[in-house]
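Participant: One structure is given below, represented as structure tokens, and several questions about it will come after.
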Amino acid sequence: MLNANAVSRLRAIVGDKHFRTDQEALVAHSYDGTPMLQSLPDGVIYPDTTEQVSEIMKVLTEYKIPLVTRGSGSNLCGGTVPSQGGIVMVMHRMNRIMEVDQENLTATVQTGIITAEFISHIESLGLFYPPDPSSMKISTIGGNIAECSGGLRGLKYGTTKDYVIGLTAVLPNGSILRTGGKLMKDVAGYDLTKLLVGSEGTLAVITEAILKLIPPPKTKKTMIAMYHDLYGAARTVSKIIESKIIPATLEILDNPTIRVVDDFAKLGLPRDMEAILIIEQDGDPEMVERDIATITEICKSEKADGVQVAANREEAEKLLTARRSAFTALARLRPTTMLEDATVPRSKIADMVHRINAIAKKYNVTIATFGHAGDGNLHPTATTDARDHDEVHRVEEAFAEIFEAAIELGGTITGEHGVGLVKAPYLEWKVGEAGIEVMKGIKAAFDPHNLLNPNKIFAKETRKRVVVQHG
Amino acid sequence: MANTEVMKKPNIEHSNPLSRTLLQKLDYDQLTNCMRCGFCLPACPTFRETGVEPESPRGRIALMKAAVDGLLDPDQQFIDQMNHCLGCRACEPACPADVKYGQLIEQTRDAIEDHSPHSLPIKGLRKAAFKGLFPHRSRWKLVGGSLAFYQKSGLQKLARGIGIMRLFPQELREMEGILPEASSKGVVERVGTFYPAKGERIAKVALFRGCIMDVMFAGTNVNTVELLSHAGFDVYIPKNQVCCGALHAHSGEMSDARELAKKNIAAFKALGVDYIVSNAGGCGALLVEYDHLLHDDEQWREDSKWFAERVIDVSALVMEKGRIPSFAEPKADSEPAVRITYQDSCHLRNVMKSSGAPRQLMRRVGNVEFVEMKESDRCCGSAGIYNVTQPEMAGQLLEHKMEHANKTEAQYMLTSNPGCLLQMKLGIEKHKPNVPMKAMHIVDFLHERMVSSK
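Keeping their order, the protein sequence lines are chains A and B. Residues 1 to 471, numbered by the numbering used here, are exactly what the first sequence covers, in order. Residues 472 to 925, numbered by the numbering used here, are exactly what the second sequence covers, in order.
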């Protein structure tokens, strides 16, 4: 229960309409996009300005009330589930594009704006903001910053962290912190901008961001290649990079995904293929033609069983359907879909897919894998039913072993979804004891009372490492 | 390892009677299928207007599930929220997991209706409309007749003149101003129960005439018959067909909807037609789901499947199976092409999955330029009787709709459903686009421009 004084002060800050404690509001902010997690907050608040956020933080700190900040609640690691109760702060009202500076090629926005709406505005001005998480139609820039979202264009253009150059953020004591600026170079002290990107709402409430824009590529071409041999596909990925070509998109679908997608979208895909690569290059027309020709040669030399280059945009859209419908097709198989994002160095993609398939078999669960082959970021996706506790347990065991395998191959437990609640027990496997200590020190420096998104990133207990059996 | 049996529904003792009914009526599998990804949020008109989670499909499903799971006590706020949904079902095509939201909201409203605290006058009105009027064809004709009398006798002019209409709520007053001329002579009275194909017959079809369509837009029904005939179809119009039951189903009167469905299935099955043609997206969307509506009724399962498989919208049938007549706007060579635009019927687009066929037909009309209106796939706010029950939200949606309509600078606004058509007429009347605009049913527009002999 919230302290009555705290409630009346919060109401006074944002107005009655924008602070709610009715059961409808509490239930509708008790979950995010992560399966099987739900926890009721004690109140929901919708601020409109950075100053309001600052006033709200002062009250929350005074009464030691925990806060979860969220945009659209599409998080996949339980990062915006209010597991400790307290207040959920929804940033949707702070959705203004404050400035697009065409001289400096920057945009200044409030963080509650929907990413796709921001991108469509930027594109209407003939500019380009590359980070394109698959959730961009619903997710907010603030959510993307908090999780350091990636997307399909990560290989060539980088991820959210590469485009955030300045932030306005509110600390738990209410002070307003401004980092970076419209600056391509800035080494004044620690890089707090980069530190806040990917901090999952645990360090500060990010209210405004200065984003870097770039000129858009002039043209784009799309192709697909299919393989009976997974390693042929993997070698193709390595050889493309060795040939000094960085494609705009380089996606992979494994055999279980191909089958499911074909059932769903009736694309007539060859169901015996072990892998399909979907490749796009963008840039100046001559360069794009040259690169696509070279990539086609590489695919053929690695014994691709079919290579197809789209002649126009419509054909390209058809080729992209296979990748785009992967998540939808999987989501329809069973009631519960668990989407992970284990990531390995791209040279280990084939090994990782093999390991995932063996692990799925070992635990007798369905896991299909697709993802961003170019940057080694895979999405092993388990389909199950939350009500079947035995199977859910086996899926969790399988994922633990998948995380272990990723780390063993030089990879990480999460490439773009974040740690949140779900992967907190595995964080130490990746960053070690020293890493955890440093991170906890940073957390305490920003948030001494542990009010911002408590319980996330840091687990009460690290999971025992899985004993991996080889052979 | 043996699979543990998947629990169908939670085992909770609910003290609130509405919770108990929700537990009994809601399909728990569908509730579980929602994985809360949030992809439905930008598709939902009420979420777009308000920006708050409970006003979204994901939010409403979470509220339903919380009521069933014993996490929420369904109170008046819950009931209001469920009634706030337009039922446009734009969330369904956006859903990766194929959650049947339309079924969930109907089950919820059905449960709410069982415990409805409607005031006596509202109860009386609902009863009069749902039980006394919609199921009875003869009474509709009377309504048509008296409406026609009211309009033709000068009473309408008089009523408007002395301001009687000002005594009614604003929304009803506005509606009254744009009502078309009603008629007691429906399509059967005008063309009979059979109308043969022009030229070689492609298939045998039956027209679903609808109740509002046949009273307010009987001319459109006649034009539909003639268009179908020109496209090569023998058209039957079974006299014993009744209301589709859509307004009942959307308002939670499920058992009435089922009874109407049975009567229609019997009427059409007897004719053994290849297709059952609808020219109203709102009716068609329920007709095409009769198999789901009667799913639990063993006796009707097969016949309802037979029926649902044959239901098709008039545009889709002409475009996909017919001999498409030539259409052209008669004009002098020097005149610029006539501009037209289109407002999707939500139920035609999202449930009958037919958004391409009407557009393809419109693009075929000579001397006519089709312009796509921004967000033409979004609900106009008509939504059955929503514009009467939720006037504020409906008014906001219509205002935004007309801003987009104005930008098209089209002379004609075409639609595929009577509710949308009336709403567009209301929008034009209220918001006066810069270029004079006329709202028309797509069939009437096409029929007027058929080039071959009529």
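C-beta atoms are modelled at their ideal positions from N, C-alpha and C, and glycine is treated no differently.
By how many angstroms is the C-alpha of A689/B removed from the C-alpha of E930/B?
Facilitator: There is no way to answer for residue 930/B, as the model of chain B reaches only from 472 to 925.
Participant: What residues in the stretch 10 to 24 of chain A bring their beta carbon closer than 7 Å to a beta carbon of chain B?
Facilitator: Flagged, chain order: D22, Q23, E24.
Participant: Within 8 Å (strictly less), CB to CB, does S54/A reach chain B?
Facilitator: Not one chain B Cβ lies under 8 Å of S54/A.
Participant: Identify the residues that DSSP records as bridge partners of V309/A: which are they?
Facilitator: Paired residues: M223/A.
Participant: Check whether the stretch 164 to 177 of chain A and the stretch 70 to 82 of chain A are in contact - that is, three or more C-beta pairs closer than 8 Å.
Facilitator: No, they do not touch.
Participant: Please confirm whether R580/B has its beta-carbon closer than 8 Å to some beta-carbon of chain A.
Facilitator: No - not a single Cβ of chain A is within 8 Å of the one on R580/B.
Participant: Does the beta-carbon of R672/B have 16 or more other beta-carbons within 10 angstroms, so that it is buried, or is it exposed?
Facilitator: Flag for R672/B reads exposed.
Participant: Would K137/A count as contacting chain B if we go by Cβ distances under 8 Å?
Facilitator: It does: the Cβ of K137/A has a partner Cβ on chain B nearer than 8 Å.
Participant: So which of K456/A, M223/A, R465/A has the shortest CA-CA distance to S199/A?
Facilitator: Looking at the Cα atoms, K456/A is the closest of the given residues.
Participant: Out of F19/A, V100/A, I245/A, state which residue places its alpha-carbon closest to the alpha-carbon of V288/A.
Facilitator: Nearest option by C-alpha distance: I245/A.
Participant: Any beta carbon of chain A sitting closer than 8 Å to that of C559/B?
Facilitator: No, its Cβ sits nowhere closer than 8 Å to a Cβ of chain A.
Participant: For the ligand FAD, is there a heavy atom less than 7 Å away from the beta-carbon of V68/A?
Facilitator: Of ligands this structure carries none, so the ligand FAD is not represented either.
Participant: So what's H379/A in DSSP terms, helix, strand or just coil?
Facilitator: DSSP places H379/A in strand when its eight states are reduced to three.
Participant: Three-state secondary structure (DSSP) at K496/B?
Facilitator: Three-state result, K496/B: helix.
Participant: Do the stretch 279 to 299 of chain A and the stretch 220 to 234 of chain A touch if we need at least three Cβ pairs shorter than 8 Å?
Facilitator: They touch, by the three-pair rule.
Participant: Helix, strand or coil for G541/B per DSSP?
Facilitator: DSSP places G541/B in coil when its eight states are reduced to three.
Participant: Does DSSP classify I909/B as helix, strand or coil?
Facilitator: Going by the sequence as given, residue 909/B is Lys instead of Ile. DSSP places K909/B in strand when its eight states are reduced to three.
Participant: Can you list, in chain order, the residues of its chain whose CB lies under 7 Å from that of I926/B, leaving out five sequence neighbours each side?
Facilitator: Here chain B has residues from 472 to 925 only, and residue 926/B is not among them.
Participant: With a threshold of 8 Å, are at least 3 pairs of Cβ atoms found where one atom belongs to the stretch 413 to 425 of chain A and the other to the stretch 135 to 151 of chain A?
Facilitator: The answer is yes - the stretch 135 to 151 of chain A touches the stretch 413 to 425 of chain A, with three or more Cβ pairs under 8 Å.
Participant: My output table needs one value for S700/B: the three-state DSSP class, helix, strand or coil.
Facilitator: Note: S700/B maps to helix in three-state DSSP.
Participant: For I649/B and L897/B, I'd like the C-alpha separation in whole angstroms.
Facilitator: About 6 Å.
Participant: Name the DSSP beta bridge partners of K212/A, please?
Facilitator: T106/A, per the DSSP bridge assignment.
Participant: As a quick exercise: from I87/A, L196/A, D22/A, K430/A, pick the residue whose alpha carbon is nearest that of L171/A.
Facilitator: For the residues I87/A, L196/A, D22/A, K430/A, the minimum Cα distance to L171/A belongs to L196/A.
Participant: Out of K443/A, A398/A, G86/A, M94/A, which has the shortest C-alpha to C-alpha gap to I206/A?
Facilitator: Of the candidates K443/A, A398/A, G86/A, M94/A, the one whose C-alpha sits nearest the C-alpha of I206/A is M94/A.
Participant: Do the stretch 505 to 525 of chain B and the stretch 138 to 146 of chain A meet, that is, are 3 or more Cβ pairs less than 8 Å apart?
Facilitator: Judged by Cβ distances under 8 Å, the stretch 505 to 525 of chain B makes contact with the stretch 138 to 146 of chain A, as three or more pairs qualify.
Participant: Would you kindly check if the distance between the Cβ of S826/B and the Cβ of D804/B is under 8 Å?
Facilitator: In this structure, S826/B does not lie closer than 8 Å to D804/B by Cβ.
Participant: Our contact map puts I114/A next to I45/A with C-beta atoms below 8 Å; I'd like the distance itself, whole angstroms only.
Facilitator: With 8 Å as the limit, I114/A and I45/A do not qualify as a contact, their Cβ atoms being about 20 Å apart.
Participant: Just list the residues that DSSP pairs I45/A with in beta bridges.
Facilitator: Paired residues: F19/A, M89/A.
Participant: Per the DSSP calculation, G690/B is bridged to which residue(s)?
Facilitator: G690/B pairs with nothing; no bridge assigned.
Participant: Using only the alpha-carbon positions, how far apart do T296/A and D132/A sit?
Facilitator: Near 26 Å, if we compare the C-alpha coordinates of D132/A and T296/A.
Participant: Under 8 Å Cβ to Cβ from P35/A, same chain only, skipping five residues before and after it: list those, please.
Facilitator: If we look at P35/A and ignore the five residues flanking it on each side, its Cβ neighbours are T336, T337, M338, A386.
Participant: Please list, in chain order, all residues of the same chain as F446/A whose beta carbon is under 7 Å from its beta carbon, the five residues on each side excluded.
Facilitator: Here the set comprises L171, L203, A204.
Participant: Between the stretch 505 to 525 of chain B and chain A, which residues of the former have CB atoms less than 7 Å from a CB of the latter, in chain order?
Facilitator: Flagged, chain order: M506, R507, C508, G509, F510, L512, P513, G522, E524, P525.
Participant: Roughly how many angstroms lie between the CA atoms of H372/A and A322/A, to the nearest whole one?
Facilitator: Spanning the two alpha carbons is a distance of roughly 14 Å.
Participant: Quick one: measure Cβ to Cβ for E840/B and A808/B, integer angstroms, because I've assumed they're closer than 8 Å.
Facilitator: Yes, E840/B and A808/B are in contact; Cβ-Cβ is about 4 Å, under 8 Å.
Participant: Against chain A, with Cβ distances strictly below 8 Å, would D498/B count as a contact?
Facilitator: No, because no Cβ of chain A sits closer than 8 Å to the Cβ of D498/B.
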